[in-house]
Amino acid sequence: MLPLHERTQRYLCRGAFLALCLLPTLAVAGWCASLGLTDRAAAVARRLSKVSGLEVRVASAVESLPGLVELHEVSFRDPASHASLGESPLVRIASRGETITVKVRQLRVAREALAVVWQLLEDGLAPVAGETSDDLRVEIDRIVVAGGESESRPEEIPALRSVVGRLRPSALGREMTLSFTVDADVAAEPIRLQCVRHDKDTGPQWRWRLLTGAAALPTALVEGVVPVARHFGPSCRLRGSLVFVQAREATWGEFSGTLEDIDLEPLAAAASLGHIDGTARLEVERVKFRGATLDEFRGSLFAGPGQVDSSLLRRLDLLLSRRVRSSFRAAGGPVDYEQLAARFELTPDGWRCEGICDDAVDGALIVGRNELLLRHRRERSQRALANSELLALFADEASPLVPLSRQVAWLLQRLPLFSTDEAASEAAEDASARITQRKDAAARER
67 MLPLHERTQR YLCRGAFLAL CLLPTLAVAG WCASLGLTDR AAAVARRLSK VSGLEVRVAS
127 AVESLPGLVE LHEVSFRDPA SHASLGESPL VRIASRGETI TVKVRQLRVA REALAVVWQL
187 LEDGLAPVAG ETSDDLRVEI DRIVVAGGES ESRPEEIPAL RSVVGRLRPS ALGREMTLSF
247 TVDADVAAEP IRLQCVRHDK DTGPQWRWRL LTGAAALPTA LVEGVVPVAR HFGPSCRLRG
307 SLVFVQAREA TWGEFSGTLE DIDLEPLAAA ASLGHIDGTA RLEVERVKFR GATLDEFRGS
367 LFAGPGQVDS SLLRRLDLLL SRRVRSSFRA AGGPVDYEQL AARFELTPDG WRCEGICDDA
427 VDGALIVGRN ELLLRHRRER SQRALANSEL LALFADEASP LVPLSRQVAW LLQRLPLFST
487 DEAASEAAED ASARITQRKD AAARER
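According to this note's numbering, the sequence shown holds residues 67 to 512 in order.
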């Protein structure tokens, strides 16, 4: 055996201790700890999935403090289709008693998943066996809708900030509250959404309440649950209050507020009314609905400048004044207009409309740069027109018949047409006679 210096012997003994004793011990301890952390994080993720109704997938987890778990590369999926709803690089979950707090710095959500997200918000209110006492709080610094801020589509959905949500038991069932602000919105007041599930003997009932205050909600966020909103254009914003009740036997609700920056071109194209463009503002005094049918709709519409197809002008003039102006008959293409302004009301008794343009002529409904294009003044003694007469907007100019198109069928389902079968028969005959008389009068003027 080679003689070694005493200092060398000490170095060898220390090295052997580190390599054969300390490092293996630390490795085994770390492996055991990682197993424990993974199991705990998975348990928290499963609990969170059970409470929220989402499927949560996690790439890795670290317990930075007792009761605080950091989840890395987290994805949220639809539990039925497993489609991705959103993803975040870091999620912090703190569990204290029956309260779970989830904090997310940034969440990216696919636009096509918005409809699923709304449905899951409703499903999350359903009581879950063994979890009915959980109180879930979610805080998200920023939500980006995929494609919403890309350079190629800058007009899309802006990001949401300071998102705070809470899901907890209530005296009648479960309650969900949500508040957030919108990028580029100067209003400091957050938009608030509340939904309460009541478990009644006849079945569950959901009561939704939306309050925007001075803030503006992009309508693109709700197009998954309000399909017509996809035709309002990418810049449309909503301000106001909405109450909506869902039950097994019926649904009903009420809205008052303003729709701003409506793009008329895609909306008119979807309704097959003909061409009209320009930006519009709809001030809703009150709208009440039951199911898909409007019970009441009162408000004012302001639009312009833009262009309107002459055939649409002829149909509007025929509908409102029972005649067609000679200038409309001669025009064969689009007509420039400066302003469109109308006050209207729609009830089961019928509809009324009057022009309110900023013009010296009383009742001006559509005005051009130097001419009055359409006028309709409402007289006090004037009775309401039958709602079925609105179908004349879809009729061919050469025929009194209205084709049963998809758009006409959609309108028939939503108009408060009649209250009784007898009234339905009388109103239908009266409306048909009016349309025929107007077409005959227009033909004689030609």
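Note that the Cβ used here is the ideal one computed from N, Cα and C, for glycine as well.
*Out of E241, D329, H442 and A280, point me to the one whose CA is closest to R273's CA.*
E241
*Pull up the DSSP beta-bridge partners for D383, would you.*
D383 is not bridged to any residue.
*Can you tell which of R418, S228 and G319 has the C-alpha that lies nearest to the C-alpha of A450?*
R418
*Going straight from the alpha carbon of A340 to that of C302, what length do you get?*
Reading the sequence as shown, one finds Gly at residue 340 and not Ala. Cα to Cα, G340 sits roughly 21 Å from C302.
*Classify V288 as helix, strand or coil using the three-state DSSP reduction.*
helix
*How many Å lie between R443 and L308 at the Cα?*
Straight-line Cα distance between these residues: approximately 31 Å.
*Touching or not, the segment 397 to 408 and the segment 309 to 325, by the rule of three or more beta carbon pairs under 8 Å?*
No, because fewer than three Cβ pairs between the segment 397 to 408 and the segment 309 to 325 fall closer than 8 Å, the two stretches do not touch.
*Beta carbon of S150, beta carbon of L173: below 7 Å?*
Going by C-beta atoms, S150 is not nearer than 7 Å to L173.
*Could you tell me if A146 is buried or exposed, where buried requires 16 or more neighbouring beta carbons within 10 angstroms of its beta carbon?*
exposed
*Comparing the C-beta of E153 with each C-beta of chain C, is any distance below 7 Å?*
Included in the structure is just one protein chain, with no chain C present.
_Rounded C-alpha distance that separates R409 from V175_ = 39 Å
*Okay, do the segment 261 to 275 and the segment 284 to 297 touch, 3+ Cβ pairs below 8 Å being the bar?*
The segment 261 to 275 vs the segment 284 to 297: no contact.
*Just to confirm, are A357 and T413 a CB contact at a threshold of 7 Å?*
Position check: residue 357 holds Gly in this sequence, whereas Ala was assumed. Result no, Cβ atoms of G357 and T413 do not sit closer than 7 Å.
_Close-in-space but distant-in-sequence residues of the same chain around F368 (CB under 6 Å, 5 per side omitted)_ = R347 and A407
*Rounded to the nearest angstrom, how far is the Cβ of A263 from that of S245, given a contact under 8 Å?*
Per the sequence shown, residue 263 should be read as Arg rather than Ala. Between R263 and S245 the beta-carbon gap is near 19 Å, outside 8 Å, which marks them as no contact.
*Bridge partners of E241, per DSSP?*
R234 and V262
*With 16 as the cutoff for other CB atoms within 10 Å, does S130 come out buried or exposed?*
exposed
*Could you check if R381 is buried or exposed, using at least 16 other CB atoms within 10 Å of its CB as the buried criterion?*
Taking all protein chains in view, the Cβ of R381 is crowded by 16 or more other Cβ atoms within 10 Å, so the residue is classified as buried.
*Close Cβ partners of V140 (< 6 Å) along its chain, the five nearest in sequence each way excluded*: V124, S154 and V157
*asked:* At the level of alpha carbons, what is the spacing between D251 and I328?
replied: 17 Å
*Would you report the Cα separation of H148 and A281, rounded to the nearest angstrom?*
34 Å
*Where L120 sits in the DSSP three-state scheme*: Coil.
*For E349, write down the residues that DSSP places opposite it in a beta bridge.*
T324 and S366
_According to DSSP, is L55 part of a helix, a strand, or is it coil?_
The structure shown has nothing for residue 55, since the chain only spans 67 to 512.
*With burial defined as no fewer than 16 other Cβ atoms inside 10 Å of the residue's Cβ, what is the status of E217: buried or exposed?*
Reliability of the predicted coordinates at E217 is poor, the pLDDT of 38 falling under 50, and no value is obtained from them.
*Status (buried if at least 16 other CB within 10 Å, exposed otherwise) for A237*: Residue burial is scored here from C-beta neighbours: A237 has fewer than 16 other C-beta atoms within 10 angstroms and is therefore classed as exposed.
*asked:* Could you pull the DSSP bridge partners for V142 from this structure?
replied: Checking the displayed sequence, the identity of residue 142 turns out to be Phe instead of Val. V122 and G152.
*State the Cα-Cα distance for the pair V135 and S161, rounded to the nearest angstrom.*
9 Å
*To the nearest angstrom, report how far apart A179 and A286 are at their CA atoms.*
12 Å
*For G434, which residues of its own chain have a beta-carbon under 8 Å away from its beta-carbon, when the five flanking residues on both sides are left out?*
V401, D402, Y403 and E404, listed in sequence order.
*Buried or exposed: which applies to S228, given that a residue is buried once 16 or more other Cβ atoms fall within 10 Å of its Cβ?*
exposed
*For the beta strand (DSSP E) that P332 lies in, which residues bound it at each end?*
Per DSSP, P332 belongs to no beta strand (DSSP E); it is in the alpha helix (DSSP H), L330 to A337.
*Using beta-carbon positions only, say whether E349 and R364 come within less than 7 Å of one another.*
no
*Whole-angstrom distance between R208 and P256, CA atom to CA atom*: 14 Å
_Spatial neighbours of R275 within its chain, please: C-beta separation below 6 Å, excluding the five flanking residues on both sides._
Here the set comprises Q260 and V309.
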